[in-house]
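In what follows, a single structure is set out as structure tokens and then discussed.
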Amino acid sequence: MAQLKEIRNRITSVKNTRQVTSAMKMVSASKLKKAQDMIVQVKPYERKLHEIIENLSLGVVEFNSVFFSEQPIEKVLVVVIGSNRGLCGGFNTNVVKYSILHAYEKFEYLLKSGKVEFFSIGKQVEKGLNSKGIELFGEASDLMLNFNVDEINGFADQLINLYKEGNFQRIDIVYNRFKNAAVQVLTAEQFLPVIKPATEDKESIVLSDFIYEPSKEEILESIVPQALKMQLYRILLDSNAAEQGARMTAMHQATENANDLIKELTKTYNNTRQSAITNEIVEITAGAEALN
């Protein structure tokens, strides 16, 4: 009977866990829908900003903006974006591994020389990088709490100033890009310097002979920081949507596993109970025969 009680307690425990995972799945599904809506609203604006920059920069014969300058790379900053909470499968583990792999493939010599710094956004990423023995340049986990535009713009200004002051000649952002609820694509985007439009893409950009006031150079100097802030905002939203999709998938799988475990435990409980009843009947029968 003691064994039956243990099985009953375990079934109850698994059912309670299933309720939690099922609830978390529903919450993540709701958050995922909101995150997708925010991405849909942001992407057209970001795309149009980049189109304007491409049109302006292609028409400038001599333009030496710091945002486009390709200086010899002496030091690199890799910004790694993850989540503050766990229970989302390999979401954070994968982005930590990919950020180190990206640094090794792109900047192997600088990495070995200690000239590649890592900046974490997300407490789980911070823990993951620390577990790899990496000392962080900084962290900004609060950005993932409420996606406050002013805070994100302030962080973007911080990155821009680090680049302008020559502390880093290259800044990359590594994150999980949202594809669908079940798939997150590990992505590394160059944040600074801004990538110049490729020569073969010139034909796809509409060039018009306008007179600009102020000059194209001044407009670019003003609009590029806005585009960088919007790029960072979009990346954070993308990572958030990927996080919710990963958590929803993980909780769905956990719920299915709980259902399977409950079925197995229920079967074991019934077999054990039936065996106990059979043994009791045999004992009663044997006792009755002994009395006769």
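For the sequence shown, our numbering gives the first residue as -16, with consecutive numbering after it. Each residue gets a CB set at the ideal place from its N, CA and C atoms; glycine is no exception.
Who are the near neighbours of residue i in its chain, counting only those whose CB is closer than 6 Å to its CB and skipping five residues on each side?
i: T4; result: M234, A237, T238
i: G65; result: N75, V78, G105, Q107, V108
Please name the residue or residues paired with residue i in a DSSP beta bridge.
i: D155; result: V61, Q173
i: R160; result: V168
i: S73; result: First, the amino acid is wrong: residue 73 is Gly here, not Ser. DSSP lists no partner for G73.
i: E37; result: Beta-bridge pairing links E37 to no other residue.
i: E122; result: S103
Can you list, in chain order, the residues of its chain whose CB lies under 7 Å from that of residue i, leaving out five sequence neighbours each side?
i: R256; result: L(-13)
i: M231; result: K8, S11, A12, L15, A164
i: E247; result: none
i: P176; result: F50, F51, S52, E53
The beta strand (DSSP E) with residue i in it runs from where to where?
i: F90; result: Element bounds for F90: n/a, residue is neither H nor E.
i: F102; result: 99 to 104
Once you ignore the five residues that flank residue i on each side, which residues in its own chain have a CB closer than 8 Å to its CB?
i: H85; result: V61, D155, V157, A171
i: K115; result: V79, I83
i: Q209; result: L32
i: R(-7); result: L248
Residue i: buried (16+ other C-beta within 10 angstroms of its C-beta) or exposed?
i: V59; result: buried
i: N254; result: exposed
i: Q173; result: exposed
i: Q167; result: buried
i: D133; result: exposed
i: L39; result: buried
i: Y28; result: exposed
i: E226; result: buried
i: D243; result: exposed
i: E100; result: buried
Taking the alpha helix (DSSP H) that residue i falls in, what are its first and last residues?
i: S48; result: Per DSSP, S48 belongs to no alpha helix (DSSP H) and is neither H nor E.
i: G270; result: 199 to 274
i: N137; result: For clarity, residue 137 is Gly in the given sequence; the question names Asn instead. G137 -> alpha helix (DSSP H) spans 132 to 147.
i: L128; result: 126 to 129
Decide yes or no for the touch test of the stretch 141 to 156 against the stretch 206 to 219: beta carbon pairs closer than 8 Å, at least 3 of them. Counting C-beta pairs closer than 8 Å gives three or more between the stretch 141 to 156 and the stretch 206 to 219, which meets the contact rule.
Does the stretch 146 to 155 come close enough to the stretch 47 to 58 to have 3 or more Cβ pairs within less than 8 Å? yes
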